[in-house]
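So the structure is just underneath, and the comments pick up after that.
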Amino acid sequence: MKYLIIGAGGTGGSIGAYMTEAGKDVTLIARGTHLKKMQEEGLKMETTRKGNYTVFPVQAADMEHYDGQPDIIFVCVKGYSLEDVIPFIRRVAKETTIVIPILNIYGTGSRLQEELPGLLVTDGCIYIAAEIKEPGTIWQNGDIFRIVYGVREKEELRPELLEVAKDLKESGIEGILSDNIRRDALQKFAYVSPMAACGLYYHVSAGEVQKTGEPRDTFVKLMKEVDALAVAMGVPFLVDIVTTNLQILDSLNSTASTSMQRDIYAGKPSEIDGLIYEVVRMGKKYGVPTPVYEMVEKKAREDTEKKFKEKYLAGEIEFEAIDDYSQEWGFSETPETLREYLGLNEEEEDAWISVGDEALKQLLDGQK
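If you count by our numbering, then the sequence shown holds residues 46 to 413, one letter each, in order.
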């Protein structure tokens, strides 16, 4: 089968490297220097699992220049970029193409299915610790490499999905076709969400959570809140989620961290809304208390996400970055919330809303 992987970061890049090395027909969608390096020098993998190696040549293109028609599309972008890839999927997919989203955010398959009604969109998740070390190079940390995917309705099951599992296995990736993907995807979320929340709250990597102490205790409490959500949603876990996830955590290199943390510390848009704030919303929806998540949310809103105005006045970002803050980060509840998040006073917000970007820019420039 012909595979297309949208997103060549730690997740997509690792899938592409393993499958290409195994002789599968795979094309990676990337951009910028990372794409250029892969096209010219191949994709370099530095791993604790297989050692270091380079896959060359590797099929890689950007969305504008890819003209194939894949059988399987793995979507491996960040949650805030999901909308950007939908027109591309519509363009390249054929009637029988199957879309398998591999994101950290829970429920992306259902949301994508609404936008792609003519295609089969499964749900999926991945267990891996990997990131782009530098353009053209992926660092994979740890031994776990598992992809779990499946259809939400049994009648949607197709033979190609069994073939995907076979191709993944032949590539050295554990591929599991789930018979209850809602539960299994939530089980993965029950690891990555608490880990991201705990790491962000204490500003620590895996090593500090592996030790006995407050961060580890908080990690356990966060997992128990997601466990309670699973019961309320009618998809209770079949395993002791705390024991299982502590085993996963303790198997990682002590330097491992979540991509959400790395993005936030780099001043980039992140998946904080879907990984942390969404759990608080889900708790309210299903009547499940989430006091520890609420504690993390409060601190994140107050301390971690540096306000737009502060960064702009310090010369760290261009004014146009206001779009990232007001749209991509998910702050659209109330004017007061958005104003507080951006760091604006009432005069600045009034100028922005009533007159527009240029009026706000003039007010802020006057404070430099």
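A virtual CB, placed ideally from N, CA and C, is assigned to each residue, including glycine.
Small disclaimer: the values here were computed from a predicted structure and weren't measured.
| Query | Result |
| --- | --- |
| Which of helix, strand or coil DSSP assigns to residue 176 | strand |
| Continuous beta strand (DSSP E) stretch holding residue 119: start and end | 117 to 120 |
| Proximal residues to residue 228 (C-beta, below 6 angstroms), its chain only, five neighbours per side dropped | 280 |
| Whole-number beta carbon distance between residue 149 and residue 187, since they are thought to touch under 8 angstroms | So it is not a contact: roughly 16 angstroms between Cβ atoms. |
| Rounded straight-line distance, which links the Cα of residue 356 to that of residue 206 | 47 angstroms |
| DSSP three-state assignment for residue 104, whether helix, strand or coil | strand |
| Closest Cα partner of residue 267 within the set 86, 114, 235 | 235 |
| Cβ-based neighbour list, residue 101, same chain, cut-off 6 angstroms, excluding 5 preceding and 5 following | 87 |
| Opening and closing residue of the alpha helix (DSSP H) in which residue 61 lies | 55 to 66 |
| Beta-carbon proximity of residue 121 to residue 52, cut-off 8 angstroms | yes |
| Any 3 or more C-beta pairs closer than 8 angstroms across the stretch 293 to 300 and the stretch 240 to 254 | yes |
| Per-residue DSSP class, three states only, for residue 168 | strand |
| Outcome for residue 390 when other beta-carbon atoms lying within 10 angstroms are tallied against a minimum of 16 | exposed |
| Separation of residue 93 from residue 223, as counted between CA atoms | 27 angstroms |
| Classification of residue 115 by the beta-carbon crowding that lies within 10 angstroms, buried from 16 upward | buried |
| Simplified DSSP state of residue 249, which is helix, strand or coil | coil |
| Status (buried if at least 16 other CB within 10 Å, exposed otherwise) for residue 295 | exposed |
| Beta bridge counterpart(s) of residue 90 as assigned by DSSP | 98, 183 |
| Short Cβ contact (8 angstroms threshold) for residue 233 with residue 172 | yes |
| Proximal residues to residue 374 (C-beta, below 7 angstroms), its chain only, five neighbours per side dropped | Because the pLDDT of residue 374 is 44, which lies under 50, any placement of that residue in the model is unreliable, and the number read from its coordinates should be weighed accordingly. Only 314, 318 meet the Cβ criterion. |
| Whole runs of the alpha helix (DSSP H) within the stretch 207 to 295, excluding any shorter than 4 residues | 226 to 247, 251 to 255, 259 to 277 |
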